[in-house]
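J.: Quick note on the working numbering: the sequence shown kicks off at 196 and runs consecutively. Let me give you the structure first, and then I'll get to my questions.
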Amino acid sequence: MLTLAEVPDPVPGPGETLVDVEAAGLNFADIERLKGSYLPPELPFIPGSEIVGRTVDGRRVLAFAARAYATKALVKDAVEIPEELPAGAALALLVQGLTAWHLVRTAARIAPGESVVVNAAAGGVGHLAVQLAKEFGAGRVIGTASTAEKRDLVLGLGAHAAIDGAADDYAERVIEANGGAPVDVVLDAVGGPVFDAALYALAPFGRLITYGTSGGTNPAPLDPGLLSERNIAVGGYWLGAHLRLPGSTAAAALTELIELTTSGQLRPMTGGEYELGQAGLALADLAARRTVGKIILRN
196 MLTLAEVPDP
206 VPGPGETLVD
216 VEAAGLNFAD
226 IERLKGSYLP
236 PELPFIPGSE
246 IVGRTVDGRR
256 VLAFAARAYA
266 TKALVKDAVE
276 IPEELPAGAA
286 LALLVQGLTA
296 WHLVRTAARI
306 APGESVVVNA
316 AAGGVGHLAV
326 QLAKEFGAGR
336 VIGTASTAEK
346 RDLVLGLGAH
356 AAIDGAADDY
366 AERVIEANGG
376 APVDVVLDAV
386 GGPVFDAALY
396 ALAPFGRLIT
406 YGTSGGTNPA
416 PLDPGLLSER
426 NIAVGGYWLG
436 AHLRLPGSTA
446 AAALTELIEL
456 TTSGQLRPMT
466 GGEYELGQAG
476 LALADLAARR
486 TVGKIILRN
């Protein structure tokens, strides 16, 4: 239902900057917005929330922006990025990169030497979480993925082991991949039976952090007795709510992610590029999981 239309240029308000959009990033949240299942929009509606672009004074910036599927957009807090950083790689660092950074640093508080499992490790957040967990000192990083091809990709990102992420015998496979010992941390975006199985892969005082439910909601309420019996903790993370908190550390985290990427220590996966007028096709391909890595709309 998306069509390309001519609309007036946005007018900056207090604290806003007009940016010529070089590229806009696509996210699954954009699909949910258009379906009306997540923060239903008022029509007419221009989707998107992240851009790489250039300010009037010539700075190349990365920023969150409402109405991002456009040639011009308004931003408030922008981070300057180097010319050599590809737009797709830069855009992978916003929603996915910041989520992965905070999963490792803020939500799970991974300590040096701890063992970490990243479910859906070939995904947009997962592939970055694998690399960041290792970069920030995890002793052993295990990634789960659904196919042999994806598991090879996860190993290529630096994971010590890659295993099938199916719920059946999940805990046994995780423990085997960790040398016969339960793990300290599981980062989970799958939910459902995988979430339940992951509880039994945790070592005492281990942490399970949930940040998505791509595999469905949990079949039964979480039993508090199970947590105390096993001395484990369950937490959650959502970047959107975090960014609304006063004193957000997003700018500092994003600066570190950019530095790690430009130095080659972090490798965001980039996928296809579509023209702005192909936004509907791009979202359809994303929804059908026909893409790998960050996909963008290019002006």
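Every residue, glycine too, gets a C-beta built ideally from N, C-alpha and C.
Indicate the three-state DSSP secondary structure (helix, strand or coil) for K230 in the structure shown.
T.: Looking at K230 - three-state DSSP - the assignment turns out to be helix.
J.: Express the C-alpha separation of L434 and L293 in angstroms, rounding to a whole number.
T.: Answer to the nearest angstrom: the Cα atoms are 7 angstroms apart.
J.: In the DSSP assignment, the alpha helix (DSSP H) including R368 goes from what residue to what residue?
T.: R368 -> alpha helix (DSSP H) spans 365-372.
J.: Taking the alpha carbon of I305 as the reference point, which residue from T456, L397, P419, V380 has its own alpha carbon closest?
T.: Nearest option by C-alpha distance: V380.
J.: Which runs of the alpha helix (DSSP H) spanning at least 4 residues fall entirely within the segment 269-348, listed in chain order?
T.: Runs found: 282-286, 293-297, 321-330.
J.: Taking the beta carbon of G319 as the centre, do at least 16 other beta carbons fall within 10 Å, making it buried, or is it exposed?
T.: Per the 10 Å Cβ criterion, buried.
J.: I need the DSSP call for G401, collapsed to helix, strand or coil.
T.: Strand.
J.: Could you check whether L461 and Q291 sit closer than 8 angstroms to each other, using their CB atoms as the reference points?
T.: No. Outside cutoff.
J.: Going along the chain, which unbroken runs of the alpha helix (DSSP H) with 4 or more residues stay wholly within the segment 426-450?
T.: List check, alpha helix (DSSP H) in window: 434-438.
J.: Which residues in the same chain as E468 place their Cβ atom closer than 6 angstroms to its Cβ, once the five residues preceding and following it in sequence are excluded?
T.: Counting only Cβ-Cβ distances below 6 angstroms, and skipping sequence neighbours, we find I491, R493.
J.: Roughly how many angstroms lie between the CA atoms of R255 and E201, to the nearest whole one?
T.: The alpha-carbon atoms of R255 and E201 are separated by roughly 24 angstroms.
J.: Go through its chain and collect everything with a Cβ distance to K329's Cβ below 7 angstroms, but skip five positions before and after it.
T.: Within the same chain, K329 has close Cβ partners V336, G353.
J.: If you draw a straight line from the C-alpha of S423 to the C-alpha of E227, how long is it?
T.: If you take the alpha carbons of S423 and E227, they lie about 36 angstroms apart.
J.: Hey, how far is the Cα of A474 from the Cα of L382?
T.: Cα to Cα, the separation comes out at about 31 angstroms.
J.: Please report how far the alpha carbon of A428 lies from the alpha carbon of A448, in whole angstroms.
T.: So the two alpha carbons sit approximately 25 angstroms from each other.
J.: Can you list, in chain order, the residues of its chain with a C-beta nearer than 8 angstroms to that of L280? Leave out the 5 residues immediately preceding and following it.
T.: Result list for L280: I453, T456, T457, in chain order.
J.: Near A362, which residues of its chain fall below 6 angstroms by C-beta distance, leaving aside the five closest residues on each side in sequence?
T.: Excluding residues within five positions, the ones whose Cβ falls inside 6 angstroms are P388, V389, A392.
J.: Count the other CB atoms within 10 Å of the CB of P399; is the residue buried (16 or more) or exposed (fewer)?
T.: Exposed.
J.: Report the CB separation of L476 from L221 in whole angstroms; it is logged as a contact under 8 angstroms.
T.: Incorrect: roughly 11 angstroms between the Cβ atoms, too far for contact.
J.: Going by the beta-carbon positions, is the gap between T250 and T212 smaller than 8 angstroms?
T.: Yes, the pair counts as a contact, with Cβ atoms nearer than the cut-off.
J.: Using the beta-carbon count (16 or more within 10 Å), is K230 buried or exposed?
T.: The residue in question, K230, is exposed, as its Cβ has fewer than 16 Cβ neighbours within 10 Å.
J.: Only counting the same chain, and skipping five residues up and downstream in sequence, which positions put a Cβ closer than 7 angstroms to that of D364?
T.: Once the five neighbours on either side are set aside, D364 has no close Cβ partner at all.
J.: If we call anything under 8 angstroms between Cβ atoms a contact, is T342 one with I358?
T.: Against a cut-off of 8 angstroms, the Cβ pair of I358 and T342 comes out as no contact.
J.: Taking the DSSP output, what are the residues bridged to A212?
T.: Per the sequence presented here, residue 212 reads as Thr, with Ala not at that position. V270, per the DSSP bridge assignment.
J.: Helix, strand or coil: which one does DSSP assign to T486?
T.: Correct three-state label for T486: coil.
J.: For K489 versus G243, is the C-beta spacing smaller than 8 angstroms?
T.: In this structure, G243 does not lie closer than 8 angstroms to K489 by Cβ.
J.: Take A287 as the anchor and find which of A218, G431, T465, A356 has the nearest alpha-carbon.
T.: Considering only alpha carbons, the answer is T465.
J.: Measuring only the C-alpha atoms, how far is D225 from L471?
T.: Between D225 and L471, the C-alpha separation is close to 15 angstroms.
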